[in-house]
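This report refers to the structure that appears directly beneath it.
Number of protein chains: 2
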Amino acid sequence: MSSTPLTRSEAKDLTRRRLIRAALAILDTEGETGLTTVKVAKAAGIAQSSFYVHFRDKQDLLRVLGDEGGDRLRRSMREARRRAREAPDVTEHQRDTFRIPLEAICRHPELLRILHRARHDPSSSMHEFAKEASLAYRDHHAADLAALGYTADNERDRLRLEMIAEGINAATNALALGHLEGRYPDLEEAVDVLVSLSKGALRMLKSSSAAAAREAGPVAGGAGPGG
Amino acid sequence: MSSTPLTRSEAKDLTRRRLIRAALAILDTEGETGLTTVKVAKAAGIAQSSFYVHFRDKQDLLRVLGDEGGDRLRRSMREARRRAREAPDVTEHQRDTFRIPLEAICRHPELLRILHRARHDPSSSMHEFAKEASLAYRDHHAADLAALGYTADNERDRLRLEMIAEGINAATNALALGHLEGRYPDLEEAVDVLVSLSKGALRMLKSSSAAAAREAGPVAGGAGPGG
DNA sequence: AATTTCACCGATAGTACTATCGGTGAGGAA
DNA sequence: TTCCTCACCGATAGTACTATCGGTGAAATT
Numbered sequence: 001m002s003s004t005p006l007t008r009s010e011a012k013d014l015t016r017r018r019l020i021r022a023a024l025a026i027l028d029t030e031g032e033t034g035l036t037t038v039k040v041a042k043a044a045g046i047a048q049s050s051f052y053v054h055f056r057d058k059q060d061l062l063r064v065l066g067d068e069g070g071d072r073l074r075r076s077m078r079e080a081r082r083r084a085r086e087a088p089d090v091t092e093h094q095r096d097t098f099r100i101p102l103e104a105i106c107r108h109p110e111l112l113r114i115l116h117r118a119r120h121d122p123s124s125s126m127h128e129f130a131k132e133a134s135l136a137y138r139d140h141h142a143a144d145l146a147a148l149g150y151t152a153d154n155e156r157d158r159l160r161l162e163m164i165a166e167g168i169n170a171a172t173n174a175l176a177l178g179h180l181e182g183r184y185p186d187l188e189e190a191v192d193v194l195v196s197l198s199k200g201a202l203r204m205l206k207s208s209s210a211a212a213a214r215e216a217g218p219v220a221g222g223a224g225p226g227g
Numbered sequence: 228m229s230s231t232p233l234t235r236s237e238a239k240d241l242t243r244r245r246l247i248r249a250a251l252a253i254l255d256t257e258g259e260t261g262l263t264t265v266k267v268a269k270a271a272g273i274a275q276s277s278f279y280v281h282f283r284d285k286q287d288l289l290r291v292l293g294d295e296g297g298d299r300l301r302r303s304m305r306e307a308r309r310r311a312r313e314a315p316d317v318t319e320h321q322r323d324t325f326r327i328p329l330e331a332i333c334r335h336p337e338l339l340r341i342l343h344r345a346r347h348d349p350s351s352s353m354h355e356f357a358k359e360a361s362l363a364y365r366d367h368h369a370a371d372l373a374a375l376g377y378t379a380d381n382e383r384d385r386l387r388l389e390m391i392a393e394g395i396n397a398a399t400n401a402l403a404l405g406h407l408e409g410r411y412p413d414l415e416e417a418v419d420v421l422v423s424l425s426k427g428a429l430r431m432l433k434s435s436s437a438a439a440a441r442e443a444g445p446v447a448g449g450a451g452p453g454g
């Protein structure tokens, strides 16, 4: 009741925020197929035609959603790295490295679900953005692992580190969603699993030049890429 | 040119196969949004209205696609387990356990992409099917890991084994898709990474009752489930 | 106070898709 | 040969959504 009289631009911005919020909710519950200007406008409390006061067209809305998601993504990654650095010891630093992304996902699971879908849907308006975001996540994980002391000093190890990071990233997402679906009630157990997964993979990295043959057997026999 | 005169039911079945094949291709390249009776019928070389000779409606087509995918899934999982058992030694058995699913994905990546999308899209006609398939894959991986000698003898380890299996499964999918996208040219390297990931995780499992504290630090401090 | 701006509205043209219907001709049974 | 069956066809009714347009009233400007 203090400042209910809004200026026109404030009111417009508020409506725009409502549209974006509504769009995210619909995207999460009904997918890109279910996202229509009719539903978004109705959920935001305005007429369907007024949608076009705020966005040039539907494509434009998706683009804005992608941009906002990207910003939120970058901010949360910076924040995560900052917080992990504050851990008292190495073990806790390791656990933080995996706990923080897990908690971030659980706070805004709809963003991951939307990205996840777009990542594998070539027809999605957010497909390219989702691919970039996915690579950014992988590189973030790779940097995390490097920060834990596992550096790659040659091309082969660099590629391996990327693979490990991508694998760990996928596992993190899967466990977070499993937690949200109620299958894994204890998030700390998920942290344990991720820590141990990474330990195994990074053991390989450390011993790659010396005992590669013993660790993984004859490796060079390369199968070409699949069809 | 030998038996071009087909019976009517043979010809009908052929058309049906063409429709299913076309639907899968469109689903892969354009997503569920782009899957229309117009496109499917045209790609199969028949009139749009003739679509309804073969399927009651679009939903029916999706259901059939799900069923066929399920069959193919179960067959390929059985086949994979059979082949892995034939490996000459333990190391090769381990590698086969991860190589076989990787190769299976690379042979039919469109199936994984379609499932992946539906898995995270509540509006998808194949959503429930994709969730079940995902759990089936996880349990398949869990059985594989158990076959490698890592058994869970209590409730906590059973849940951990499930988490490890789900994580490894997600990593497998991610690496296979990365390989297909050209980021990881050597599939054998992906096998190495998966083997090492699993080794790390299963080390935790084996030592869970005895040396849990040394392996992962204080573990019991349980944080509740997230929001 | 007079005028302009503009966020929002209802109506609607245009587009794309789903599903039905009556017809047709070649396969198959009598 | 005669009749029936049915996979396929074109046309079309019905539905859902996108995007545009002229109008309206309150905020903002003069």
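From first to last, the protein sequence lines stand for chains A and B. First residue of the first sequence? That's 1 in the numbering used here, and the numbers climb one at a time after it. First residue of the second sequence? That's 228 in the numbering used here, and the numbers climb one at a time after it. The beta-carbon is built from N, C-alpha and C at its ideal position, and this holds for glycine as well. Nothing here was measured: the structure is a model prediction, and the numbers come from that model.
| Item | Value |
| --- | --- |
| Neighbourhood of residue 106 (chain A) by C-beta distance below 8 Å, restricted to the same chain and skipping five residues each side | 176, 179, 180, 187 |
| Three-state class that DSSP yields for residue 184 (chain A) in the structure shown | coil |
| With 16 other Cβ atoms within 10 Å as the buried cut-off, status of residue 40 (chain A) | buried |
| Cα-Cα separation between residue 160 (chain A) and residue 90 (chain A), rounded to whole angstroms | 23 Å |
| Burial state of residue 259 (chain B), where buried means 16 or more other Cβ atoms lie within 10 Å | buried |
| Boundaries (first-last residue) of the alpha helix (DSSP H) holding residue 253 (chain B) | 235-261 |
| Nearest-angstrom Cα separation, counted from residue 195 (chain A) out to residue 205 (chain A) | 15 Å |
| Other residues of its chain near residue 173 (chain A): CB distance less than 8 Å, five sequence neighbours each side excluded | 105, 112, 116 |
| Nonlocal neighbours in the same chain, by C-beta distance under 8 Å from residue 410 (chain B), ignoring five residues either side | none |
| Euclidean distance between Cα positions of residue 452 (chain B) and residue 384 (chain B) | For residue 452 (chain B), the pLDDT reaches just 34, beneath the cut-off of 50, and the residue's location in the model is therefore unreliable, leaving the point undetermined. |
| Proximal residues, the region 140-166 of chain A versus chain B, C-beta separation under 9 Å | 156, 159, 160, 162, 163, 164, 166 |
| Inter-residue spacing [alpha-carbon to alpha-carbon] between residue 151 (chain A) and residue 420 (chain B) | 16 Å |
| Local Cβ density within 10 Å of residue 7 (chain A), reported as buried at 16 or more and exposed below that | exposed |
| C-beta neighbour in chain A for residue 262 (chain B), strict 7 Å | no |
| Alpha-carbon spacing of residue 246 (chain B) relative to residue 124 (chain A), whole angstroms | 23 Å |
| The alpha helix (DSSP H) enclosing residue 380 (chain B), as first and last residue numbers | It is not in any alpha helix (DSSP H) - residue 380 (chain B) carries neither H nor E in the DSSP assignment. |
| Exposed unless 16 or more other CB atoms sit within 10 angstroms - verdict on residue 286 (chain B) | exposed |
| Per-residue DSSP class, three states only, for residue 200 (chain A) | helix |
| Supposed contact pair residue 73 (chain A) and residue 190 (chain A) - C-beta distance, whole angstroms, cut 8 Å | Actually they are not in contact, since the Cβ atoms of residue 190 (chain A) and residue 73 (chain A) sit about 21 Å apart, beyond 8 Å. |
| Distance CB(residue 130 (chain A))-CB(residue 118 (chain A)) smaller than 7 Å | yes |
| Distance between residue 261 (chain B) and residue 237 (chain B) (C-alpha atoms, nearest Å) | 29 Å |
| Min CB distance residue 344 (chain B) to chain A below 7 Å | yes |
| C-beta atoms of residue 424 (chain B) and residue 167 (chain A) nearer than 7 Å | yes |
| Of the residues A:165, A:170, A:87, the one placed nearest residue 390 (chain B), counting alpha carbons only | A:170 |
| Separation of residue 263 (chain B) from residue 284 (chain B), as counted between CA atoms | 11 Å |
| Own chain residues within Cβ distance below 7 Å of residue 140 (chain A), not counting five before or after | 77 |
| Boundaries of the alpha helix (DSSP H) in which residue 108 (chain A) is found, first to last residue | Taken as a continuous stretch (DSSP letters only), residue 108 (chain A) belongs to no alpha helix (DSSP H), as it is neither H nor E. |
| Delimiting residues of the alpha helix (DSSP H) encompassing residue 347 (chain B) | Careful: residue 347 (chain B) lies outside any alpha helix (DSSP H) and carries neither H nor E. |
| Residue-level contact to chain B via CB, residue 93 (chain A), 7 Å cutoff | no |
| Buried or exposed by the 16-neighbour rule on C-beta atoms within 10 Å, applied to residue 121 (chain A) | buried |
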